[in-house]
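Q: Counting from 9, one number per residue, gives the positions in the sequence shown under the working numbering.
Every residue gets a Cβ at the ideal spot worked out from N, C-alpha and C, and that includes glycine.
Note that the coordinates shown come from a computational prediction; the quantities given were computed from them, not determined experimentally.
Below is a structure I'd like to ask you about.
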Amino acid sequence: MIPILVALITLGSAFPGIRTETAEMADGSLGAVSFTELDGVSDIAAVPTAPPPDHTPRSTGYRAEQLWVDRAHQNAIANETAISGTGQGIFAGWYLNNKRVSKYNTFGSGTPQWTYPCPEAGYQFDVASTFSGMLSASCSLMQTHVWQSTGSQPSASFETAVAQDMIEVAGSDVLVYVDAGYNLVCIDESTGWTVRWEVPLQTVG
9 MIPILVALIT LGSAFPGIRT ETAEMADGSL GAVSFTELDG VSDIAAVPTA PPPDHTPRST
69 GYRAEQLWVD RAHQNAIANE TAISGTGQGI FAGWYLNNKR VSKYNTFGSG TPQWTYPCPE
129 AGYQFDVAST FSGMLSASCS LMQTHVWQST GSQPSASFET AVAQDMIEVA GSDVLVYVDA
189 GYNLVCIDES TGWTVRWEVP LQTVG
């Protein structure tokens, strides 16, 4: 099962204009694929479907977690994915034997547009994407990286983050992360990735 199909399993039915179909695979497992509808009419021929199980998890926003793939895909797990607001890009963080992040085109093949290896990452990645397609990834054992272009080399790198996210504010991409000292840090792309503010997180109770 290619990453693009896997990443869309839990997201397809959540948005208007997207149709999700499921079918039983040769090994008995349930596979799913999502199609973008054109003016309410699909350009893909109908395929036999099977109802998804009642316990199918639903992802919120543009993220999905713990997505398993077949063993033929380098024995790795797409642990977390982020889909750009335009729906055209998928950013996946791979865990276990081949730690890396990969950028996919929603309407492309299962081959990533680029891959950035992260062998120093000992734990799962936290990945994010903005509406414009800006990408970011972090892990407790590596720096926080941001990708602005189509290339695999990060456009900017920051300190190690416990968790991070990206948002778009007034047309500018903003990176927010929690550093190792549990401070909440906000960095703005429009000012050359400078720190806009930093505040300590407080534990209550």
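1. Unbroken beta strand (DSSP E) runs of length 3 or more, entirely within the stretch 137 to 204: which are they?
2. Run the CB neighbour count on A169, radius 10 Å, all protein chains shown included, and call it buried at 16 or more, exposed below.
3. How is T94 classed by DSSP in three states: helix, strand or coil?
4. What are the boundary residues of the beta strand (DSSP E) that T123 is part of?
5. Near E167, what residues of its chain come up, given a Cβ to Cβ distance below 6 Å and the 5 sequence neighbours on each side ignored?
6. In angstroms, rounded to a whole number, what distance separates the CA positions of I175 and R204?
7. Give me the residue from Q156, D35, I98 with the minimum Cα distance to A86.
8. To the nearest angstrom, report how far apart S37 and S148 are at their CA atoms.
9. Would you call F115 buried or exposed, if buried means 16 or more other Cβ atoms sit within 10 Å of its Cβ?
10. Using C-beta distances below 7 Å, list every residue in its chain close to L183, excluding the 5 sequence neighbours before and after it, in chain order.
11. Is A90 closer than 7 Å to A136 when the C-beta atoms are compared?
12. Leaving aside the five residues before and after S110 along the sequence, list all residues of the same chain whose C-beta is less than 6 Å from its C-beta, in chain order.
13. Going by C-alpha to C-alpha distance, which of V177, G39, E206, T199 sits closest to Y190?
14. Rounded to whole angstroms, what's the CA-CA distance from Y103 to P125? Just pull it up for me.
15. Rank L192, Q96, G200, S198 by C-alpha distance to the C-alpha of P208 and give the top, closest one.
A: The answer reads as follows:
1. Counting only unbroken stretches of 3 or more residues, the beta strand (DSSP E) elements lying wholly within the stretch 137 to 204 are 143 to 147, 150 to 155, 164 to 177, 180 to 187, 191 to 196, in sequence order.
2. The residue you call residue 169 lines up with position 161 of the sequence shown. With 16 or more other Cβ atoms within 10 Å, it is buried.
3. As a first step, residue 94 is located in the sequence shown; it is residue number 86 there, counting from the start. In this structure, T94 counts as coil in the three-state DSSP scheme.
4. Numbered from its first residue, the sequence shown carries residue 123 at position 115. Counting along the chain, the beta strand (DSSP E) containing T123 begins and ends at 122 to 125.
5. Here residue 167 refers to the residue found at position 159 when the sequence shown is read from its first residue. Beyond the five residues adjoining it in sequence on each side, E167 comes within less than 6 Å, by CB distance, of D187 in the same chain, given in chain order.
6. Residue mapping note: residue 175 aligns to position 167 of the sequence shown, counting from 1. Residue mapping note: residue 204 aligns to position 196 of the sequence shown, counting from 1. So the two alpha carbons sit approximately 14 Å from each other.
7. For the purposes of this step, residue 86 is taken as residue 78 along the sequence shown, with counting starting at 1. Looking at the Cα atoms, I98 is the closest of the given residues.
8. Reading the sequence shown from its first residue, position 29 is the one you call residue 37. Reading the sequence shown from its first residue, position 140 is the one you call residue 148. Rounded to the nearest whole angstrom, the CA to CA distance from S37 to S148 is 34 Å.
9. Residue numbering aside, residue 115 sits at position 107 when the sequence shown is read from its first letter. Under the 10 Å beta carbon count, F115 is surrounded by fewer than 16 other beta carbons and is classified as exposed.
10. Here residue 183 is taken as the residue at index 175 of the sequence shown, counted from 1. Counting only Cβ-Cβ distances below 7 Å, and skipping sequence neighbours, we find S144, V154, Q172, M174, I195.
11. For the purposes of this step, residue 136 is taken as the residue at position 128 of the sequence shown. For the purposes of this step, residue 90 is taken as the residue at position 82 of the sequence shown. In this structure, A90 lies closer than 7 Å to A136 by Cβ.
12. Against the sequence shown, residue 110 aligns to sequence position 102. A100, P120, T123.
13. In the sequence shown, the residue the question calls residue 190 occupies position 182. Measuring from the Cα of Y190, the nearest candidate turns out to be E206.
14. Counting from 1 along the sequence shown, the entry for residue 103 is found at position 95. Counting from 1 along the sequence shown, the entry for residue 125 is found at position 117. So the two alpha carbons sit approximately 11 Å from each other.
15. Residue numbering aside, residue 208 sits at position 200 when the sequence shown is read from its first letter. Looking from the CA of P208, the closest CA among L192, Q96, G200, S198 belongs to L192.
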